[in-house]
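Here's the structure, in structure tokens; my notes come after.
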Amino acid sequence: MGARQVDTGVAGLALGVEDGVATLRIDRPEARGALTAAMWSAIPDILAGLEVDREVRVLVLTGTDGVFSAGADIRELQGHYATAESADAYHALNAAAEQALAAFPKPTIAFVRGACVGGGCQLAVACDLRFADATARFGVTPAKLGIVYDAGSTARLARVVGVATAKYLLFSAELMDSQQALRVGLVEDVFRPEAAEERVYAFARTIASRSQLTVRAAKDLLSTATPDPERVHAWEQRSRASADVREGLAAFTERRAPHFTWGTE
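Using our numbering, the letters of the sequence shown correspond one by one to residues 322 to 586.
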């Protein structure tokens, strides 16, 4: 599968696909990756396109020039707070983008370098996994602005880091360095800056090489504390009937790499 670029239709978001891995890049280095309303608005449609793209098996969300995202574009946000109605409309865009990322059925990885603050941190937390390099800094900063995050964002943060750490981040609005983020479970691993990209994409390609039936089932069943027995049974039956399980067993006994095809037919 060759590399290809995809037009996102909005300035500030760049999209490419290579080796089964899509990279959605927050691409506003002149504004430290600050997200505009147009960018928030575009994210659900971009994800909808990636969901039906059979070449895409994994999504990496990252930034540009050593910065993940400084969060919402504050100058633009200030204008949206002219009235309660316009503020509500803005935050609806924000929540829809975050929810679309959290609900995306394929595995998602946030690759964080530099600042990952406010709305940028919300997007990172909405991913399945987070990897950082040693320059990463994380902050959940609504207390600096007098903004109240919606319940979904707050609950998602608490599920990732625990209630006490979520309170620490939300109450203080202080930044957390990469090693502290690793200790509290906000990131899965921290890499040296010179090695980080290679390590993250090697892991993404590993996921892309596995049975997507297994991967997608695991993500779906882990999305709730107590999976619905009917959903569990449905995934089990798909596995029983799938060519992937036969290929996986054959490859194991023949001591070769498997070639899984579920989701690409």
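Don't be surprised by glycine CBs; every beta carbon is placed ideally from N, CA and C.
List the DSSP bridge partners of residue i.
i    : result
R527 : A small fix is needed here, since residue 527 is Thr in this sequence, not Arg. Looking at the DSSP assignment, T527 forms no beta bridge with any residue, so it has no partner.
R349 : Its beta-bridge partners do not exist; DSSP assigns none.
S390 : C437
A324 : Its beta-bridge partners do not exist; DSSP assigns none.
Should residue i be labelled buried (16 or more other beta-carbon atoms within 10 Å of its own) or exposed?
i    : result
P426 : exposed
V388 : buried
Q443 : buried
D394 : buried
D409 : exposed
V536 : buried
A546 : exposed
F573 : exposed
Throw me the rounded Cβ distance for the residue i and residue j pair, which I believe falls under 8 Å.
i    : j    : result
E509 : R451 : 6 Å
E419 : S493 : That pair is no contact at about 22 Å.
V446 : L478 : 5 Å
A352 : T329 : Not confirmed; about 17 Å, so no contact.
T383 : F432 : 4 Å
R378 : Q558 : Going by Cβ atoms, the distance from R378 to Q558 rounds to 22 Å, so no, they are not a contact pair.
Taking the alpha carbon of residue i as the reference point, which residue from the options has its own alpha carbon closest?
i    : options                : result
G435 : A502, V379, T475       : A502
E339 : R577, R375, R353       : R375
T585 : A538, A571, D565, L570 : D565
L380 : C448, G392, Q399       : C448
S390 : G441, A538, V342       : G441
T385 : L368, A335, D541, G467 : A335
G483 : Q399, V505, I430       : V505
Going by beta-carbon coordinates alone, are residue i and residue j separated by less than 7 Å?
i    : j    : result
V331 : A358 : no
T456 : V438 : no
W361 : L414 : yes
V342 : A538 : no
P365 : I528 : no
E568 : P550 : no
S560 : W583 : no
V511 : A453 : yes
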